[in-house]
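Asker: Structure below; questions to follow.
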């Protein structure tokens, strides 16, 4: 369990073990492949959420069961991250808050609050929890994923 505390109206406790059930999680490989550059154009692969019937037409024979099996296999073998923007937004940072301070037993790192939409935590690797105690690694998404701090045990809004 990791608590979001500090200059917030509501302290929120995160349980990273439940992130696997959250539809907002993203696979690390997918996130790395979809990093956009300013001069990149939208390609067919960027439109994943389009209605399948429009893109492919009706599927004959039906493939829904196979797709469910693939999704389950992906959960069991995938490496996933979660963007913490919705959680920190729900904690309602104070107007004078400027940064997110990440801590572990020996070190700390800061991320500017204005970069909140780029703040991700890795909670699983190859379908397993990242750490036995349920802690996470923090990343900032820029041109690539940049590791900010391993084994995050605290998140404080400062």
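In the UniProt record's numbering, the protein residues as written are 1 to 158. By construction, the Cβ of each residue, glycine as well, lies at the ideal position given by its N, Cα and C atoms.
Since residue 20 is in the alpha helix (DSSP H), which residue starts that stretch and which ends it?
Answerer: Segment: none, residue 20 is in no alpha helix (DSSP H) and carries neither H nor E.
Asker: Here's the rule: buried if 16 or more other CB atoms are within 10 angstroms of the residue's CB, otherwise exposed. What is residue 135?
Answerer: Buried: at least 16 other Cβ atoms inside 10 Å.
Asker: Would you identify the three-state DSSP class for residue 87, choosing helix, strand or coil?
Answerer: In the structure shown, residue 87 sits in a helix (DSSP, three-state: H, G or I).
Asker: Quick one: is residue 82 buried, meaning 16 or more other Cβ sit within 10 Å of its Cβ, or exposed?
Answerer: That one is buried.
Asker: Reducing DSSP to helix, strand and coil, say where residue 92 ends up.
Answerer: DSSP places residue 92 in coil when its eight states are reduced to three.
Asker: So which of 29, 123, 11 and 27 has the shortest CA-CA distance to residue 90?
Answerer: That would be 11, whose Cα lies nearest to the Cα of residue 90.
Asker: Report, in whole angstroms, the separation of the C-beta atoms of residue 97 and residue 113, which I expect to be a contact under 8 Å.
Answerer: 6 Å between Cβ atoms; contact.
Asker: Decide if residue 128 is buried, meaning its Cβ has at least 16 other Cβ atoms within 10 Å, or exposed.
Answerer: Burial call: exposed.
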